[in-house]
Structure formats: structure tokens, C-alpha cells
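Q:
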Amino acid sequence: MCMEFVLDKSFFNMESIPPLPANLQQIERKNVGVYLEFQKNDPANEKSVLDSLEVWIKLNGKTENVFLIRFQNTPTILQNGPQCGIVALCMAAQTLGIKVDTDSIFQQALHMGITKQGELFSSSALCALASHLKINCVLLDNGFSDIEQLLRYFKSGKLLLVPYDADCNHAPCLKNGHKAHWTLLVGVLLEFEKNLKFHSELCCKWEFISKNLYRISDLPTNCNLFSQVSKENIYFIAKHGKSKKLAIWNFKSLELSNSNLKEVDPMRANCTEYVLPPNNKLSDLCGKVIVLG
Numbered sequence: 029m030c031m032e033f034v035l036d037k038s039f040f041n042m043e044s045i046p047p048l049p050a051n052l053q054q055i056e057r058k059n060v061g062v063y064l065e066f067q068k069n070d071p072a073n074e075k076s077v078l079d080s081l082e083v084w085i086k087l088n089g090k091t092e093n094v095f096l097i098r099f100q101n102t103p104t105i106l107q108n109g110p111q112c113g114i115v116a117l118c119m120a121a122q123t124l125g126i127k128v129d130t131d132s133i134f135q136q137a138l139h140m141g142i143t144k145q146g147e148l149f150s151s152s153a154l155c156a157l158a159s160h161l162k163i164n165c166v167l168l169d170n171g172f173s174d175i176e177q178l179l180r181y182f183k184s185g186k187l188l189l190v191p192y193d194a195d196c197n198h199a200p201c202l203k204n205g206h207k208a209h210w211t212l213l214v215g216v217l218l219e220f221e222k223n224l225k226f227h228s229e230l231c232c233k234w235e236f237i238s239k240n241l242y243r244i245s246d247l248p249t250n251c252n253l254f255s256q257v258s259k260e261n262i263y264f265i266a267k268h269g270k271s272k273k274l275a276i277w278n279f280k281s282l283e284l285s286n287s288n289l290k291e292v293d294p295m296r297a298n299c300t301e302y303v304l305p306p307n308n309k310l311s312d313l314c315g316k317v318i319v320l321g
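Counting from 1, position 53 in the sequence shown corresponds to residue 81 in my numbering; the numbering is continuous, with no gaps.
Shown next, in the form of C-alpha cells:
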């Protein structure tokens with residue numbers, strides 16, 4: 029559903045939050061995000077993604093299977109501090125052709141009163157921040173419930189911001205929200221056994237990329253492609269602020285991690301250095317998916 033985001037400061041318990049320390053009022057640009065050079069239409073970017081996928085396929089012993097893929101070239105920005113949501117939003121904005129950096133987004137978030145150090149424990153707040161950048165934003169409840177619609181978002185050039193629990197290797201895990209992190213989903217990967225010629229029932233069109241990789245080139249309106257693939261064989265292509273590497277995660281693992289976000293880490297629950305949600309509950313992260321573009 030689409031919604032216009034108007035933030036009520038009471039939602040973030042603003043009355044109880046003391047003024048920002050002087051050293052947090054302004055943060056130098058060099059301390060906000062580390063950028064890697066990015067040109068959206070540079071063939072080298074796509075080659076890097078495809079090389080990563082081929083390595084992943086080999087490491088997981090899937091060289092006998094074939095894969096359908098849909099993705100967008102996206103910049104890499106590494107975060108400094110708890111700014112995963114701001115960095116993920118900045119990567120999305122640049123992918124969508126908006127000239128912005130993490131510093132300006134962070135300063136706007138400070139001005140809106142939704143963060144202190146870059147942390148964002150609210151999907152609504154992140155949507156409001158995206159709207160300030162003139163990015164169309166749709167906030168989904170139970171965002172993983174309609175997998176067919178998720179595929180169509182990728183087909184139409186959308187990007188997905190997803191909160192989840194990040195393990196020590198940044199992969200999805202189940203920590204009750206104590207390791208909450210934001211990632212940007214830039215594409216989808218569908219796995220099939222044998223060659224695609226054995227799957228004549230597939231309703232989409234594809235084009236050859238390499239030995240066992242095919243790009244989804246067209247998805248007719250009446251094509252229910254995800255219904256022809258089990259969740260175990262659906263993977264998301266993701267980027268986030270803690271790694272230069274492309275991440276590839278199983279649909280089910282990210283869905284479960286997204287739906288297990290319950291509470292702020294008790295170690296941070298009484299911290300005055302963050303803007304925390306009411307009662308430290310992550311109800312505005314749990315099950316949420318943000319569609320951008």
C-alpha cells in the first residue's frame with residue numbers, strides 16, 4: 029500500500045531525548061560513508077556481479093543447475109557507525125539516478141529527529157527520509173507474503189529495503205532483532221535443475237548470459253513465475269553497508285529473519301545515544317519491506 033509519511037515526534041519518544049552532543053551535531057563527510065567508484069552503465073559493474081554469481085554457484089556445488097536472474101547495477105558504499113539504513117538508502121538513490129551522498133541524507137535525518145548516529149529503527153522513518161529525496165516509496169506489511177509481486181518489483185526496476193538480523197558473516201539469522209540491520213535487495217536469482225529446455229512450462233522469456241546463467245528479459249502480465257519455483261530455489265541478490273561483496277541469500281532465510289525482529293538489543297535498550305522505538309519494540313521493522321522507485 030502507498031502512504032504519505034508524516035512523522036509524529038511522539039512516536040520516537042522525542043520528549044525524553046536530550047539534545048545531541050556537540051560532537052554529533054555535524055559529522056565530517058569522510059566519516060559517514062566510504063564510496064567505491066560507480067558508473068551505472070559501466071559493463072564492468074555487470075561483469076563483477078556475474079563473476080560473483082558464478083563463484084557462488086561453484087562454491088555451493090550447483091554447477092549442474094541453471095539460474096534465471098534479474099538485477100540492477102548498484103554502487104557500493106561502506107558504512108561508518110550504525111548507519112546501515114542511511115547507506116542502503118543512498119545506494120538505492122544513486123541507482124535510481126539521484127545525486128546524493130550519505131552525509132546529506134544523515135544531516136536530513138538529524139534534522140527530522142529520527143536518528144542520532146545514523147540508526148533507524150523505524151521503516152516509516154526511513155520511508156519519510158526516502159520521500160524527502162523525492163523517491164517513490166511503498167511500505168509493505170508482511171512484505172514477503174506475495175512473492176510473485178516481489179519479482180514484478182524487480183522486473184519494473186524497483187529496489188527493496190529490508191530489515192533483518194545479521195549474523196557475524198552478515199547473512200540472515202534469528203536473534204530476535206538484537207542484530208537488526210538494513211540491506212538493499214537489487215535482484216533475484218531462481219534456480220532450476222537441468223537445462224532450461226526441460227522447463228518449457230515457464231512463462232517468462234530469457235536471454236543467455238553464460239554457461240548456466242540466463243537473464244529474465246520479459247515477464248508477461250499473466251505469468252506466475254514464482255509459483256513455478258519452490259522457495260528453497262529462490263535467492264535474493266543483496267548489498268549492504270558492511271561489505272564490498274555481493275550477498276546471495278535464500279528467500280526463506282531472509283523472510284524468517286525479517287519476521288523475527290521483536291526487540292532492540294537489551295545492551296542498547298537504555299542507551300541515550302540512539303533514537304529508540306517505544307518500549308524498545310521493533311514493530312515498525314518486523315515483517316516490513318520498503319519498495320523504492
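From the three backbone atoms N, C-alpha and C, an ideal C-beta is built for every residue, glycine too.
Tell me whether residue 283 is buried or exposed, calling it buried when 16 or more other Cβ atoms sit within 10 Å of its Cβ.
A: It counts as buried.
Q: State yes or no: is the beta carbon of residue 214 nearer than 7 Å to at least one beta carbon in chain C?
A: Judged by its chain identifiers, the structure shown contains no chain C, having just a single protein chain.
Q: Taking the beta carbon of residue 294 as the centre, do at least 16 other beta carbons fall within 10 Å, making it buried, or is it exposed?
A: exposed
Q: Counting pairs of beta carbons, one from the region 113-129 and one from the region 90-105, are three or more of them closer than 8 Å?
A: yes
Q: By the DSSP assignment, the beta strand (DSSP E) with residue 208 in it spans what residues?
A: Element bounds for residue 208: 208-220.
Q: Name the one or two DSSP bridge partners that residue 266 has.
A: 213, 275
Q: Does the count of Cβ pairs from the region 215-223 and the region 259-272 closer than 8 Å reach three?
A: yes
Q: Would you give the residue range spanned by the beta strand (DSSP E) that residue 243 belongs to?
A: 241-246
Q: CA-CA distance, residue 56 and residue 132?
A: Interpretation of residue 56 is limited by its pLDDT of 37, a score under 50 that renders its predicted location unreliable; the figure taken from the coordinates is listed afterwards. Distance between the alpha carbons of residue 56 and residue 132 is about 11 Å.
Q: Just reading off the alpha helix (DSSP H) that residue 195 is part of, what are its end residues?
A: Neither: residue 195 is in no alpha helix (DSSP H) and is coded neither H nor E.
Q: Helix, strand or coil: how does DSSP classify residue 162 here?
A: DSSP places residue 162 in coil when its eight states are reduced to three.
Q: With DSSP as the reference, identify every bridge partner of residue 235, one or two as the case may be.
A: 243
Q: Does the Cβ of residue 279 have 16 or more other Cβ atoms within 10 Å, making it buried, or fewer, making it exposed?
A: Here residue 279 is buried: its Cβ has 16 or more other Cβ atoms, across all protein chains shown, within 10 Å.
Q: Rounded to a whole number of angstroms, what is the C-alpha to C-alpha distance between residue 147 and residue 154?
A: The alpha-carbon of residue 147 is positioned some 10 Å away from that of residue 154.
Q: Three Cβ pairs or more, each shorter than 8 Å: is that satisfied between the region 186-196 and the region 204-213?
A: yes
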